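Written out below as structure tokens is the structure these notes cover.
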Amino acid sequence: MSPTRLSHWLWLLAAIVLEAGGSTIMKLSHQWYFAHAALLGLAVMWLCIGLSYYCLALSTTGLPVGVAFAFWEGLGLTLVTLAGFLVLGEEPTLTRLSGLACVLGGALLVHRGTAHGDTERQTAS
């Protein structure tokens, strides 16, 4: 993996963490007990989501957009769900965990299919 390629994956990781953090803060802010807590939570959420899209855009300059988006959504959903379990007290049901496994499996299949397609194109050239 070249350093340039690694930097694109790091931008994607930043996008994932910002998206998950923003979504979690949105929910947490409704439990804060001070004036305008919900508005502050929404403002932080919008900032995180905006920065997340910016980082996602930077990651797609070196990664296939389908791969970047699949990982952004899949890992973001996983982090938000884990935050729900660990921070918000939501219940980790078998259905939720099965759904997460399917989402992550789908993201890996998109990545594998893209990498396999690149190899096929290089071989055909």
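Everything in the sequence shown is counted per the UniProt record's numbering, starting at 1 for the first residue and increasing by one.
Just so it is clear, CB atoms sit at the ideal spot from N, CA and C, and this is done for glycine as well.
Remember, it's a predicted structure, so these values are computed and weren't measured experimentally.
| query | result |
| --- | --- |
| Short of 7 angstroms in beta carbon distance, which residues of its chain neighbour E90, apart from the five on each side in sequence? Order them along the chain. | G84 |
| Measuring CA to CA, which of P92, R112, L18 and L6 is closest to G72? | Per the sequence presented here, residue 72 reads as Trp, with Gly not at that position. Measuring from the Cα of W72, the nearest candidate turns out to be L18. |
| Between which two residues does the alpha helix (DSSP H) harbouring F34 extend? | It is not in any alpha helix (DSSP H) - F34 carries neither H nor E in the DSSP assignment. |
| Output yes if chain C places a C-beta closer than 7 angstroms to the C-beta of V67; else output no. | Within the model displayed, chain C is absent; a lone protein chain is all it includes. |
| Grouping DSSP H, G and I as helix and E and B as strand, with all else coil, what is G62? | coil |
| Is the stretch 32-40 in contact with the stretch 91-100, if contact means three or more CB pairs nearer than 8 angstroms? | no |
| Evaluate L86 with the Cβ neighbour count: other Cβ atoms within 10 Å of its Cβ, from every protein chain shown; 16 or more gives buried, anything less gives exposed. | exposed |
| Considering Cα atoms alone, identify which of A68, L82 and L79 is closest to V110. | A68 |
| For the putative contact between L63 and I16, defined by C-beta atoms under 8 angstroms, what is the C-beta separation to the nearest angstrom? | The pair is not a contact, with the Cβ atoms about 13 angstroms apart (cut-off 8 angstroms). |
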